[in-house]
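Residue -15 is where the sequence shown starts when you use this note's numbering, and the numbers rise one by one after that. Think of the CB as a built atom: it goes at the ideal place given N, C-alpha and C, for glycine as much as any other residue.
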Amino acid sequence: MISPSSPSGGGRPPPLLFWAFFAAGAVVLALAPLALNNYWLRVLTTVFMYATVTQGLNVIVGLTGYHAFGNAVFFGFGAYACGVAMTLGAPFPVALIAAVAFSALVAGIVGWPILRLRGHYFAIATVALNLAAIQLVIQVGGVTGGAEGLPLPLSDLPPGPLYRAIYLVMLAGMVVSTLLVAFILTRPFGYALRAIRDGERAAGVMGIDTTATKVAAWALSAGITGFAGGVWAYWITFIEPASAFDPAIGVKAYMMLILGGMGTVIGPVLGAFVLEFLSTLVWGGFLQAHQIVFGVLIVVICLVAPNGMLVAGRSLIQRWRSRHGAA
-15 MISPSSPSGG GRPPPLLFWA FFAAGAVVLA LAPLALNNYW LRVLTTVFMY
35 ATVTQGLNVI VGLTGYHAFG NAVFFGFGAY ACGVAMTLGA PFPVALIAAV
85 AFSALVAGIV GWPILRLRGH YFAIATVALN LAAIQLVIQV GGVTGGAEGL
135 PLPLSDLPPG PLYRAIYLVM LAGMVVSTLL VAFILTRPFG YALRAIRDGE
185 RAAGVMGIDT TATKVAAWAL SAGITGFAGG VWAYWITFIE PASAFDPAIG
235 VKAYMMLILG GMGTVIGPVL GAFVLEFLST LVWGGFLQAH QIVFGVLIVV
285 ICLVAPNGML VAGRSLIQRW RSRHGAA
């Protein structure tokens, strides 16, 4: 039986071999800017950003079982926290910490009432939170720039080194968030999250403080997502409510999570790479009808791998081994 919560996404390979491949891949990606042109540097940076956002979504959706359709609100909060901090004179590293902390704080505050909701009520509440955040930023104005948007201070670095630095920071976000999810799965906190996912009432009977655990999971999810939003804001250098709180960010991350495999460690990364590269290649090959082709390909993937590509791939490997072993 394949366990979607194991470090490698279920079953074998052994953990040490899995992490050896993961470390080797991270090193290759870290060295890739030496050979990449600006176009592919941007594509990979976007992949890392979405992989980080999807890992954040994985914590609350895949591990906890709460479908936060509006989780991209924390991407926007992270972007604005970073942008406001920088306009007030904070250096980027400090502003990025502020982005993570502010996003986690907001999730911790609103999580207590919202996470008492379940099922589609919680999902609708997160969408409403995203819409409310847009209006909040517009109405506050001042340091947020309101509807006119917020320009960030420009970096002293030349464009080339700056984009490579952002690439590496986004890569670090993807790697660290993936390691964090893997670590959680081996700790009591991770067991508590999966217990809530499998049966919240039963988890409560076992003595788990389900509300506090869910709030902690959402705060962690928000912090990861806010990190990606903060780096994105520094990368773009100008943010506005419609783009920072764009619901499409959350929708795309949800697609990546489902395609890669919910509740797995490497599934969100796999989903981000496949979906973003597929989108890029289809857009380049079918300029006039790329959305139609892209949509058809996603439907085909969902039909072939309804539980995610990672689980489907490992099922195929096990079948191949069993057939050849029997032969």
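{"Item": "Alpha carbon of Ser(-8) to alpha carbon of Gly126, nearest angstrom", "Value": "Here the model assigns Ser(-8) a pLDDT of 45, short of 50, so the residue's position is not dependable and the matter cannot be decided."}
{"Item": "Pick from Val283, Ala69, Leu262 that is closest to Thr30, judged by C-alpha positions", "Value": "Leu262"}
{"Item": "Whole-Å CB distance - Ala176 paired with Thr197, under 8 Å assumed", "Value": "5 Å"}
{"Item": "According to DSSP, residues forming a beta bridge with Leu134", "Value": "Ile223"}
{"Item": "Distance cut-off 6 Å: Val235 Cβ against heavy atoms of the ligand COA", "Value": "With respect to the ligand COA, the structure shown offers nothing to examine, as it has no ligands at all."}
{"Item": "Short Cβ contact (7 Å threshold) for Leu136 with Thr221", "Value": "yes"}
{"Item": "Within 7 Å, strictly: CB atoms of Gly210 and Ser306", "Value": "no"}
{"Item": "Which listed residue (Pro225, Leu115, Arg102, Met158) has its alpha carbon closest to that of Gly67", "Value": "Pro225"}
{"Item": "Where Pro75 falls: helix, strand or coil (DSSP)", "Value": "coil"}
{"Item": "Asp182 - DSSP class collapsed to helix/strand/coil", "Value": "helix"}
{"Item": "Extent of the continuous alpha helix (DSSP H) run through Phe32", "Value": "22 to 42"}
{"Item": "Cβ pair Ala91, Ala82 closer than 7 Å", "Value": "no"}
{"Item": "Tyr151 vs Leu25 beta-carbon contact at 7 Å", "Value": "yes"}
{"Item": "Candidates Val235, Ile192, Ala117, Val280, of which the one nearest Tyr64 by Cα", "Value": "Ala117"}
{"Item": "Segment contact flag, the stretch 69 to 79 with the stretch 198 to 207, C-beta cutoff 8 Å, min 3 pairs", "Value": "no"}
{"Item": "Distance between Leu1 and Ala7 (C-alpha atoms, nearest Å)", "Value": "10 Å"}
{"Item": "Cβ-based burial, Tyr23 [other Cβ within 10 Å; buried from 16]", "Value": "exposed"}
{"Item": "Residue from Tyr218, Thr48, Leu18 whose Cα sits closest to the Cα of Phe173", "Value": "Thr48"}
{"Item": "Which of helix, strand or coil DSSP assigns to Trp3", "Value": "helix"}
{"Item": "Residue environment, Gly207, which counts as buried when at least 16 other CB atoms sit within 10 Å", "Value": "buried"}
{"Item": "Bounding residues of the alpha helix (DSSP H) (the contiguous stretch that carries Val127)", "Value": "Element bounds for Val127: n/a, residue is neither H nor E."}
{"Item": "Endpoints, the alpha helix (DSSP H) within which Val153 is located", "Value": "143 to 169"}
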